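**Q** Residue numbers (the working numbering), protein chains in the order written: chain S, 1 to 405; chain V, 406 to 810.
For every residue, glycine included, the Cβ atom is placed at its ideal position computed from N, Cα and C.
No experiment lies behind these values; they were computed from the predicted model shown.
#1: May I have the straight-line CA-CA distance separating residue 214 of chain S from residue 305 of chain S, to the nearest angstrom?
#2: Taking Cβ-Cβ distances shorter than 9 Å, what residues in chain S pair up with residue 780 of chain V?
#3: Within 8 Å (strictly less), CB to CB, does residue 697 of chain V reach chain S?
#4: So, is the C-beta of residue 33 of chain S closer than 8 Å to a C-beta in chain V?
#5: Closest to residue 259 of chain S by CA distance: which of S:370, S:10, S:2 and S:25 is it?
#6: What does residue 107 of chain S pair with, by DSSP beta-bridge criteria?
#7: Near residue 23 of chain S, what residues of its chain come up, given a Cβ to Cβ distance below 6 Å and the 5 sequence neighbours on each side ignored?
#8: Taking Cβ to Cβ, would you say residue 282 of chain S is nearer than 8 Å to residue 261 of chain S?
#9: Helix, strand or coil: how does DSSP classify residue 211 of chain S here?
#10: Find the residues of chain S that neighbour residue 487 of chain V, judging by a C-beta separation of less than 9 Å, and give them in chain order.
#11: Kindly indicate which residue of V:460, V:495 and V:465 has the alpha-carbon position closest to the one of residue 476 of chain V.
#12: Quick check: what's the CA-CA separation for residue 445 of chain V versus residue 325 of chain S?
#13: Taking the C-alpha atoms as reference points, what is the distance between residue 356 of chain S and residue 58 of chain S?
#14: On the criterion of 16 or more Cβ atoms from any shown chain inside 10 Å, does residue 528 of chain V qualify as buried, or is it exposed?
#15: Once DSSP output is grouped into helix, strand and coil, what is the label at residue 457 of chain V?
#16: Are residue 288 of chain S and residue 267 of chain S close, meaning C-beta to C-beta below 8 Å?
#17: Are the region 801-810 of chain V and the region 486-500 of chain V touching, with three or more C-beta to C-beta distances below 8 Å?
#18: When you compare each of S:342, S:246 and S:157 to residue 14 of chain S by their alpha carbons, which one comes out closest?
#19: Consider the Cβ of residue 424 of chain S: report whether some Cβ of chain V lies at a distance smaller than 8 Å.
#20: Check the Cβ of residue 230 of chain S against every Cβ in chain V and list those closer than 8 Å, keeping chain order.
#21: Tell me, please, whether the region 190-198 of chain S touches the region 234-243 of chain S by the rule of three or more beta-carbon pairs shorter than 8 Å.
#22: Is the Cβ-Cβ distance between residue 483 of chain V and residue 412 of chain V less than 8 Å?
#23: How big is the Cα-Cα spacing for residue 683 of chain V and residue 782 of chain V?
#24: Does residue 161 of chain S come within less than 8 Å of chain V when only Cβ atoms are used?
#25: What does DSSP give as the partner residue(s) for residue 761 of chain V in the beta ladder?
#26: Are the region 148-167 of chain S and the region 109-119 of chain S touching, with three or more C-beta to C-beta distances below 8 Å?
#27: Who are the neighbours of residue 796 of chain V on chain S, taking C-beta pairs under 9 Å?
#28: Applying the 10 Å Cβ sphere with the 16-neighbour rule, what's the burial state of residue 240 of chain S?
#29: Of the choices V:695, V:530, V:720 and V:714, whose alpha-carbon is the least far from that of residue 704 of chain V?
#30: CB-CB under 6 Å to residue 677 of chain V, same chain, minus the five flanking residues each way: which ones, in chain order?
#31: Hey, could you find the ends of the alpha helix (DSSP H) residue 646 of chain V is sitting in?
#32: Residues of the region 89-100 of chain S with a CB closer than 8 Å to any CB of chain V: list them in chain order, please.
#33: Excluding five sequence neighbours on each side, which residues of the same chain lie with their C-beta closer than 8 Å to the C-beta of residue 557 of chain V?
#34: Quick check on the burial criterion: 16 or more other C-beta atoms within 10 angstroms. Buried or exposed for residue 679 of chain V?
#35: Use the C-beta contact count for residue 188 of chain S: other C-beta atoms within 10 angstroms, 16 or more gives buried, fewer gives exposed.
#36: Only counting runs of 3 or more residues, tell me where the beta strand (DSSP E) segments fall wholly within the region 258-335 of chain S, in order along the chain.
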């Protein structure tokens with residue numbers, strides 16, 4: 001792991017006080033110009049955000065690195081002040097977080113895909129004909145019932161969706177030196193988890209045996225007669241958000257993945273609202289006994305992924321209408337941003353820098369006139385890496401000591 | 406070699422698709438304001454570039470690092486996504502590329518300068534009175550004819566211009582632990598290539614012997630009676646452009662140095678046009694079977710080095726007039742920029758950030774209103790290191806996978 005020089009510096013300066021910081025994430029809020037019609041933020045009627053922008057610092061943030069499109073995990077880690085290139089999480093752990101599996105430091109997690117193999121053992125469909133969740137659940141139930149495990153080891157299987165599932169091994173001394181078994185194309189056998197250089201790993205041998213058993217257990221299934229595993233990973237042992245920033249953090253998030261990433265850095269998940277009104281109300285409640293609140297709004301991303309620009313605009317307006325509730329809670333520092341952009345024109349996450357608003361007491365004027373990608377480009381914060389957002393908020397909340405005498 | 410963390414990250418995310426990226430380099434296009442009259446780009450009439458700028462993202466790029474003036478090699482490596490501070494090429498190899506010598510991985514190349522020594526062997530003129538190319542060629546012919554070499558080793562000499570030449574040794578197991586022999590001032594003897602710590606190198610001993618022979622062979626020359634060697638270097642073993650970016654690259658370049666740098670990263674040199682019209686036409690042809698085309702226009706640099714502002718303006722206008730041909734080829738992503746600035750007022754390459762235009766489908770509006778240094782400063786790309794240009798183009802061409810789940 002690369003040394004986190006900047007993060008460690010800020011951490012060494014952090015100190016506790018009573019001021020409240022709220023990070024409101026409108027997931028995937030950034031956009032492109034939709035063929036000249038303007039971004040979703042530009043088109044949305046957001047009188048409350050615009051008024052706030054006139055009294056706030058604006059900027060753009062780069063979630064991971066120039067040109068890089070982040071997944072939800074890295075996108076949020078950056079917002080939490082964990083450089084996503086330094087604090088990398090294995091695919092298996094992200095999958096476990098996504099189904100809200102309560103992962104522990106004795107666990108090794110992997111993403112599983114059901115697949116179809118032929119009589120010779122060769123993969124004919126890497127997604128098992130995209131079976132439905134019902135088949136997925138039925139197959140996992142069969143595996144749970146029949147699988148034999150060594151003493152002292154537990155295994156958990158969770159359905160994600162369609163052909164996707166999560167496997168978690170739990171026991172003492174497990175490691176994640178385990179080979180991906182997905183051969184990445186059809187016509188060949190699955191790879192073995194314990195092939196060299198993984199054959200030195202006791203856990204890899206165990207996984208190889210589990211996969212042999214699963215093949216036997218599922219042999220009478222018409223489609224989902226085998227699984228492929230990848231991204232075997234242990235939960236990382238990072239300093240918690242509380243340790244790092246001397247904050248007492250709460251998470252208010254309606255979707256499992258975001259609660260999972262919040263728990264990964266030790267946040268206290270206090271509430272699971274999904275509507276903008278509930279999120280703002282719950283965030284204010286959480287401020288009562290937490291110095292930091294992460295509040296997550298999913299629908300700006302979901303509508304972007306659906307390619308539904310009018311719905312994305314409507315969701316932004318929904319949050320704008322709810323914003324006075326949050327403002328009434330009088331956070332000392334309020335950050336409004338996204339974890340990445342999700343342009344409806346791309347129907348996917350994108351690499352574009354993300355609009356960022358920071359309402360705080362000691363600014364160089366308010367930037368305004370609106371909160372959108374173009375106003376943010378000209379703002380006093382400039383274009384910064386996501387990992388600098390928490391440090392800036394700490395500074396504005398007077399939670400950072402001076403460096404040097 | 407420093408680890409290329411950013412480049413390796415982007416390389417790990419790169420994937421192939423059918424979209425076409427064109428990089429049009431107007432060599433040395435950046436300028437200063439010519440005593441208040443405006444830069445060459447500002448003064449040139451460029452209706453086609455201006456229309457394109459209104460629908461494109463603009464920015465500036467820093468070729469190597471703040472305040473650093475790049476040579477042509479580093480300038481282009483940055484544009485190709487190879488951080489010039491990490492991917493350093495020896496002087497000898499750049500000289501060999503400059504005369505389009507087909508250098509191989511069995512070669513060691515050096516830059517030679519003819520010089521004059523006195524009877525005591527001391528250097529009296531490090532440039533041999535700036536002899537003409539004819540004397541240079543005649544002397545090299547003499548050396549080629551009389552030089553005795555060990556079995557299994559070949560040597561090549563090529564005239565560059567005036568007192569400048571290139572020497573390439575070819576053989577198995579050659580190394581480049583060879584001392585520069587140029588003492589950097591007159592009144593002293595040339596240094597020995599095999600002085601400590603180079604005396605462990607078999608190749609250095611060989612070079613020292615070759616230089617002793619050359620001194621004898623040229624002893625009756627009035628001016629060019631010795632050579633000085635520097636920048637002994639092997640061709641670097643870097644990942645090719647194709648490997649690194651999953652692109653199938655073609656180069657369209659009329660001058661040897663640029664074909665050389667393109668070949669250094671494994672590009673397919675398909676054509677050697679020099680006029681703007683031919684460059685644009687050939688670039689479009691190359692797009693038929695290449696996903697990436699590097700097209701190089703030399704004269705914006707040459708006129709800058711000549712200090713000829715009107716000629717530089719005329720050359721920019723020549724490219725502007727040819728641009729519709731290139732646009733008709735419908736590249737998915739078109740980059741127009743330079744490898745550095747060459748202000749006529751400096752008659753040399755300079756350190757000034759370089760105007761950058763990227764025409765691509767998923768922008769935040771078009772920046773415009775023109776393509777010049779001032780409009781570019783306000784553009785949505787901002788001021789970025791050159792090494793981020795290819796990654797951004799890959800992102801816009803949807804050739805980068807998401808980072809993390």
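**A** Looking at the coordinates:
#1: Translated into the one-based positions of the first chain, residue 214 of chain S becomes position 214. Translated into the one-based positions of the first chain, residue 305 of chain S becomes position 305. The alpha-carbon atoms of residue 214 of chain S and residue 305 of chain S are separated by roughly 34 Å.
#2: Counted from its first residue, the second chain places residue 780 of chain V at position 375. What residue 780 of chain V touches in chain S: nothing, since even the nearest Cβ is about 14 Å away.
#3: Numbered from 1 along the second chain, position 292 holds the residue referred to as residue 697 of chain V. Not closer than 8 Å to any Cβ of chain S, the Cβ of residue 697 of chain V fails to qualify, so no.
#4: As a first step, residue 33 of chain S is located in the first chain; it is residue number 33 there, counting from the start. Answer yes: the Cβ-Cβ gap between residue 33 of chain S and chain V drops below 8 Å somewhere.
#5: Taking the first chain and counting its residues from 1, the one referred to as residue 259 of chain S is at position 259. Cα-wise, what sits closest to residue 259 of chain S is S:25.
#6: As a first step, residue 107 of chain S is located in the first chain; it is residue number 107 there, counting from the start. Answer is S:170.
#7: Locating residue 23 of chain S in the first chain gives position 23, where the first residue counts as 1. Same-chain partners within the cutoff: 294 and 335.
#8: As a working mapping, residue 282 of chain S is identified with position 282 in the first chain. As a working mapping, residue 261 of chain S is identified with position 261 in the first chain. The answer is no: Cβ separation not under 8 Å.
#9: To locate residue 211 of chain S, count along the first chain from 1; it is residue 211. If DSSP states are grouped into helix, strand and coil, residue 211 of chain S belongs with the helices.
#10: The residue labelled residue 487 of chain V in the question sits at position 82 within the second chain. None at all; the shortest Cβ gap to chain S is about 15 Å.
#11: Taking the first residue of the second chain as position 1, residue 476 of chain V is located at position 71. Residue V:495 is the option with its Cα nearest to residue 476 of chain V.
#12: Position 40 of the second chain, counted from the first residue, corresponds to residue 445 of chain V. Position 325 of the first chain, counted from the first residue, corresponds to residue 325 of chain S. Approximately 55 Å between the Cα atoms of the pair.
#13: Numbered from 1 along the first chain, position 356 holds the residue referred to as residue 356 of chain S. Numbered from 1 along the first chain, position 58 holds the residue referred to as residue 58 of chain S. Straight-line Cα distance between these residues: approximately 6 Å.
#14: The residue labelled residue 528 of chain V in the question sits at position 123 within the second chain. That one is buried.
#15: On the second chain, position 52 is the one that residue 457 of chain V refers to. It is helical.
#16: As a working note, residue 288 of chain S is residue 288 in the first chain. As a working note, residue 267 of chain S is residue 267 in the first chain. No, these two residues do not count as a Cβ contact at 8 Å.
#17: no
#18: Counting from one through the first chain, the residue named residue 14 of chain S turns up at place 14. Checking every option, the nearest Cα to that of residue 14 of chain S belongs to S:246.
#19: Nothing about residue 424 of chain S can be reported from this structure: the residues present for chain S run from 1 to 405 only.
#20: One-based indexing of the first chain puts residue 230 of chain S at position 230. The premise fails here: residue 230 of chain S is roughly 11 Å from chain V at the closest Cβ pair, so nothing lies under 8 Å.
#21: no
#22: In the second chain, the residue the question calls residue 483 of chain V occupies position 78. In the second chain, the residue the question calls residue 412 of chain V occupies position 7. The answer is no: Cβ separation not under 8 Å.
#23: By one-based count along the second chain, residue 683 of chain V stands at place 278. By one-based count along the second chain, residue 782 of chain V stands at place 377. Answer to the nearest angstrom: the Cα atoms are 30 Å apart.
#24: Here residue 161 of chain S refers to the residue found at position 161 of the first chain. Closer than 8 Å: no.
#25: Taking the first residue of the second chain as 1, we reach residue 761 of chain V at position 356. DSSP lists V:464 and V:742 as partners of residue 761 of chain V.
#26: yes
#27: Position 391 of the second chain, counted from the start, is the residue given in the question as residue 796 of chain V. Residues of chain S passing the Cβ test: 65, 66, 67, 68 and 351.
#28: Reading the first chain from its first residue, position 240 is the one you call residue 240 of chain S. Label assigned to residue 240 of chain S: exposed.
#29: Residue numbering aside, residue 704 of chain V sits at position 299 when the second chain is read from its first letter. That would be V:720, whose Cα lies nearest to the Cα of residue 704 of chain V.
#30: The sequence position of residue 677 of chain V within the second chain is 272, counting from 1. Hits under 6 Å: 659.
#31: If you number the second chain from 1, residue 646 of chain V lands on position 241. Counting along the chain, the alpha helix (DSSP H) containing residue 646 of chain V begins and ends at 646-650.
#32: 89, 91, 94, 95 and 98
#33: In the second chain, the residue the question calls residue 557 of chain V occupies position 152. If we look at residue 557 of chain V and ignore the five residues flanking it on each side, its Cβ neighbours are 576 and 577.
#34: Within the second chain, the letter at position 274 stands for residue 679 of chain V. Exposed, since its Cβ has fewer than 16 Cβ neighbours within 10 Å.
#35: For the purposes of this step, residue 188 of chain S is taken as the residue at position 188 of the first chain. Counting Cβ neighbours within 10 Å, residue 188 of chain S comes out exposed, since fewer than 16 surround it.
#36: 268-271 and 292-297
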